[in-house]
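Scroll down for the structure; my scribbles are underneath it.
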Amino acid sequence: MSTSTRPNPTIRRKLIEVSLPLDEINAASAKEKSIRHGHPSTLHLWWARRPLAACRAVLFAQLVDDPSAWSDRFPTEEAQEAERNRLHDVIRAMVPWDASGNETILNAARWEIARSVAWNIGEEPPPREDGEAILRYLQEKAPPVYDPFSGGGSIPLEAQRLGLRAYGSDLNPVAVLIGKALVEIPPKFAGQAPVNSDARAQAARGGAWQGRGAQGLAEDVRYYGKWMRNEAEKRIGHLYPKATLPDGSEATVIAWLWARTVRSPDPVAKGTMVPLVSSFMLSTKEGKKAWVEIVHDANAPDGWRFEVKTGELSPEEETRLKKGTIGRSRGGVCALTGSAMPFSYIRQEGKNSRLGTRLMAVVAEGQRGRIYLSPTDTQENIARFSPPEAPQGEISHWPGRTNVVEYGLTTFASLFTPRQLVALTTFSDLVTKAREKALQDAVIAGRSTNVTPLHEGGTGATAYADAVATYMALSNGKIANTGSSITSWMSDRGAFRETFARQAIPMTWDFAETNPLADGGGSFAAAIEKGAMVIGALPSRGEASVFSSQANMIDFKKGSSLISSDPPYYDNISYADLSDFFYVWLKNSLNNIWPALFRRLVTPKKEELIANPYRHGNKIKAENFFMSGMEGVLEALRMVSVETEPLTIYYAFKQSETAEDGVTSAGWASFLQAIFESGLMIDGTWPVRTESPGRLIGKGSNALASSIVLVCRSRPETSETVTRSDFLRTLRRELPAARERLRADKVSPVDMPQSIIGPGMGIFTRYASVLEDDDSGMSVRTALALINRVWEEIENALDAEFDPETQVALAWYASHGFDTRPSGELITLANAKNISLSSLFQSEVFLDRRGKAQLTPRENLPAGWSPQTDGTLTVWECVQHVARTLEAKEGGQEAAARLVAGMGGKTEAARALAYRLFQIATDKGWSAEALVYNALADEWPTLESLASEIPNPVASPVAEETPRLL
């Protein structure tokens, strides 16, 4: 890797170290989760992928200089802010999913990167309009991007999209294969026409290939995937019979819904196998209710059978049916006698291989939607046969993550029914046949006959056939994810819940078996089409490589790469244990195509950098392993990192990682400690959300809050050592300005607690050490507690700047919210602020409840209120009235903006109060209130902008009468 730099280059601040349009990045990241067609995540599953929008924005801001770094070009603060806003607009344009294939938008972003690269080496960038020249310039002179924990490939892919050289590595071979499929393989065959016989016939008729990028490869994936599907139907189609409908016609089966069974421990049941069903509801859609009932039938096996019913249900009946016969906490219930079947009993039966299955229902494709049918002997018996020989591999047990082991499902093959195993082994075997056909066609199409395989860097017919086979095998992996006995049925959607709906292999009691030969969800045809859509939309250009490596064994030149990485998150996900589920099938198909990746029986685990207490013996040993390993990796990355740009590191932060005292859990604190010990200093933290603020607040403390993007640089060797008192003084001096900068950047209240950690940890990590009173070094955990304490001090100090009425209201709200309390408590607060009780009532901030008092609820505020006509205007009223007007039926932005326009000098104080109220509501667990203030703070800049365009603000037009409580 080479990068054009000057000797002793000037270190300039990057945009990411100063400012980001966080709201727009977060909005695009959250929206991206709903994108399915063509999104790279649909090629093959990987856990906890970072949003492409966030990766794109972070890489851009990591490379582009902040305007303040060029005071000669932008000499005033106004000029710098204007240029910063222009760069923000570039980010806003490029983060939406629709922009990922828009060359005009992407070229504008590439030019900005090229400009910063050029200015730093004393050059000028290529012309804005010359996209090819910009790409050549970036490939030659911009630092290559390297992610040593590349996982699902988001960071290398977005580096490639921005025109940069892209490198990634991972210890896990499944992750490496996904990365190769996304960034390394497509450029090798970009611009080439498909080789299949249909495409050649069209070309012979004079149809010139007009595709771009890897669209030719995508077309061949479609063609050979269709061939595989048709060939599979010839071999195993008889195992997937159509369903007979009530009118005698036939329909394709979408799913077979099965229930596991266990022998009843109740002697009255006489050893009968009874069903374990989590819910008897098959469809909960209004007007389309369907459910299963157990019918006693002496002629049926064990004296009972399932029967499907449709029609209307009372709420009580539906609630009963949803309970099924087994729950998460209550264990099981014998469906015949009602006796309890504890989990301990069911686990033991499972370990003794005494769990069975019964077909519960058949789901067919009707002309107007799903048709739910009772099971038949034919449909059930055709699926019962001895399982074929299949890839094995033991499932590593981590309680809570791989609970299937506790029920006797100890191998990956045991997670599949015999019919599912036949399907997967058939498609796996056909990968080799499809490769042979692709090779023959590639030679006929005139591709090079060079026999160098793909894994050795080949680009001829042999390598092309290897590439086609790789995508075929990945498609088989996709149907394994929806085609195991862990897959379940979502009664609210009428669709499959895949095996890895969460980052675990949980036990399921009733499961859904897909039809891999159909055309809908869970089928091989659907997997192929999704994969082809991804391939055809990939950047497919530039230098790129993803390889297998431990992150602490980097073999790159010192100071050669731009580092952006998404490392493992302490103990959140056991990637190696989970990915074995796919590895055993990929190995079966690709062992000869990617021999280095699939040389082991299972994925490597001993070296995996996570804190797994079951792998390392206990929690303390697991944490020590993680700490020492992560510190070593970060130190290596610091050495490899190019000197002129900061490193960026992602951390998946959970709300539950913050304790009541503001001190974070072992995972977050350990991660920051490793950063500090490696010689890095933190220059910023940016919360990147993949959930909407409303969902986060509503879900509460267990929600995955965000990925915290940490911006780091090497700590100078000349860094000084200071005392605890010095550290606190510096925090109190610098955090207020940092707080205002974050608010100026429109950082939402929900993101402020994590954003403020950046400046705080920046202060802590700039020092070689912070000494405690006993001369021991301060830990990161202690530093975090002090940062939170100083931030709280700053917030409390700002409270004193509000008018007395607002100060009293704020203190009351922090204790009681909008509850009614004795007036004596209000008198105490009023005396402390030197304001009379009557003034608080006259201001209409409080309601007089005759011996009791209450903050005036928003729903009781008068319509038509105007700050210009209020004789005792308070900041509290400004906030509450604007919040009410935004939500009012006849209110909205324009009406709220009129209120803001009439506030005069109280505008900024009102916005600050909204932030403060959000924090209080969050700390109290008042989700609905927190949502109101977060939305208000987010909306405030827009309201101010609209307000500036109102020449003569008047009262709000919201004039409906609102009752007042006197």
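In our numbering, each number is its position in the sequence shown, counted from 1, plus 37.
Just so it is clear, CB atoms sit at the ideal spot from N, CA and C, and this is done for glycine as well.
Next on the checklist: By the three-class DSSP mapping on this structure, what secondary structure does tyrosine 107 have?
Outcome noted: Going by the sequence as given, residue 107 is tryptophan instead of tyrosine. If DSSP states are grouped into helix, strand and coil, tryptophan 107 belongs with coil.
Tell me, please, whether the CB atom of proline 283 is closer than 8 Å to any CB atom in chain C?
Note that chain C does not occur in the displayed structure, where there is just one protein chain.
**Study point:** Bounding residues of the beta strand (DSSP E) (the contiguous stretch that carries glycine 494)
**Key:** Element bounds for glycine 494: n/a, residue is neither H nor E.
So, with DSSP's three-state summary, where would you put tyrosine 804? coil
Sequence-distant residues of its chain with Cβ nearer than 7 Å to alanine 460 (five each side left out): Ile273, Gly520 and Pro553
For this session: Could you check what DSSP says for threonine 579 in three-state terms: helix, strand or coil?
Result: Here residue 579 turns out to be glycine, not threonine, going by the sequence shown. Coil at glycine 579, not helix or strand.
Query - Sequence ranges, beta strand (DSSP E) only - wholly within the region 880 to 913, length at least 3 - result: 883 to 885 and 889 to 892
- Message: If I measure Cβ to Cβ from alanine 482 and keep anything under 7 Å in the same chain, skipping five residues before and after, which residues do I get?
- Response: Val232 and Arg237
Exposure label - histidine 333; buried when at least 16 CB within 10 Å: Using a 10 angstroms sphere on the CB of histidine 333, the tally of other CB atoms stays under 16, which defines it as exposed.
Legend entry - Beta-carbon proximity check, valine 882 vs alanine 91, cutoff 8 Å: no
Nearest-angstrom Cα distance between serine 985 and threonine 944? 12 Å
Does glutamine 540 pass the burial test, meaning 16 or more other C-beta atoms within 10 Å, or should it be called exposed? exposed
Beta-carbon gap between proline 796 and leucine 772 smaller than 8 Å: yes
Open item on the list: Let's see if you can read the secondary structure: which residues bound the alpha helix (DSSP H) around serine 465?
Closed with: 455 to 481
Sorted by chain position, which residues of the same chain lie with C-beta nearer than 8 Å to isoleucine 150's C-beta, five sequence neighbours on each side aside?
-> Cβ within range, chain order: Phe97, Leu100, Val101, Leu175, Ala179, Leu199, Gly200 and Leu201.
For leucine 1002, three-class secondary structure by DSSP:
With a pLDDT of 32 at leucine 1002, under the threshold of 50, the modelled position of that residue is not reliable, and the figure given next carries that caveat. Judged by DSSP in its simplified three-state form, leucine 1002 adopts coil rather than helix or strand.
Between the alpha carbons of alanine 212 and phenylalanine 186, how many angstroms are there, rounded?
One C-alpha to the other measures close to 9 Å.
Nearest-angstrom Cα distance between alanine 742 and aspartate 60?
In this prediction, alanine 742 has a pLDDT of 45, which is less than 50 and means its spatial position is unreliable; nothing more can be read from the coordinates.
Quiz prompt | Straight-line gap, tryptophan 341 to alanine 306 (C-alpha atoms, nearest Å) | solution = 12 Å
**Report entry** Rounded separation between asparagine 868 and proline 859 - CA only
**Finding:** 15 Å
### Task
Just the C-alpha distance for glycine 445 and proline 436, rounded to the nearest angstrom, thanks.
14 Å
Quick one: using the 10 Å Cβ neighbour count with 16 as the cut-off for buried, is asparagine 625 buried or exposed?
Its Cβ being crowded by 16 or more others within 10 Å, asparagine 625 is buried.
* Going by the beta-carbon positions, is the gap between phenylalanine 561 and isoleucine 516 smaller than 8 Å? -> Contact: yes.
Problem - Whole beta strand (DSSP E) elements within the region 738 to 787, 3-residue minimum - result: Annotation: the region 738 to 787 contains the following complete segments of the beta strand (DSSP E) (minimum length 3 residues), in chain order: 741 to 751 and 758 to 760.
Self-check item: From Ile215, Arg818, Val969 and Tyr607, residue whose alpha carbon lies closest to that of alanine 925
Solution: Val969
Query raised in the report: Using the rule of at least 16 other Cβ atoms within 10 Å of the residue's Cβ for burial, across every protein chain shown, is methionine 544 buried or exposed?
Result: buried
Checklist entry - Under a Cβ-count criterion, where at least 16 other Cβ atoms within 10 Å of its own Cβ denotes burial, should glutamate 668 be classed as buried or exposed? => result Buried: at least 16 other Cβ atoms inside 10 Å.
query = If you check the beta carbons only, do histidine 492 and proline 632 fall under 8 Å apart?
reply = yes
| query | Are the beta-carbon atoms of phenylalanine 839 and leucine 950 separated by less than 8 Å? | reply | Against a cut-off of 8 Å, the Cβ pair of leucine 950 and phenylalanine 839 comes out as a contact.
Between which two residues does the alpha helix (DSSP H) harbouring proline 312 extend?
No alpha helix (DSSP H) contains proline 312, which is instead part of the beta strand (DSSP E) from 310 to 313.
Review point. Would DSSP call arginine 1 helix, strand or coil?
Key: The structure shown does not extend to residue 1, since the chain is modelled only from 38 to 1003, so the question has no answer here.
Across which residues does DSSP place histidine 333 in a beta bridge pair? Trp341
Taking Cβ to Cβ, would you say phenylalanine 663 is nearer than 8 Å to leucine 684?
no
- Can you tell me the Cβ-Cβ gap for leucine 219 and proline 428, rounded? I've got them flagged as a contact below 8 Å. Not quite, the Cβ-Cβ distance comes to about 25 Å (not below 8 Å), so this is no contact.
Q) Which of the three DSSP states, helix, strand or coil, is assigned to threonine 524? A) coil
Notebook entry, point to check: Taking the alpha-carbon positions, what's the asparagine 897 to alanine 958 distance?
Noted result: 20 Å
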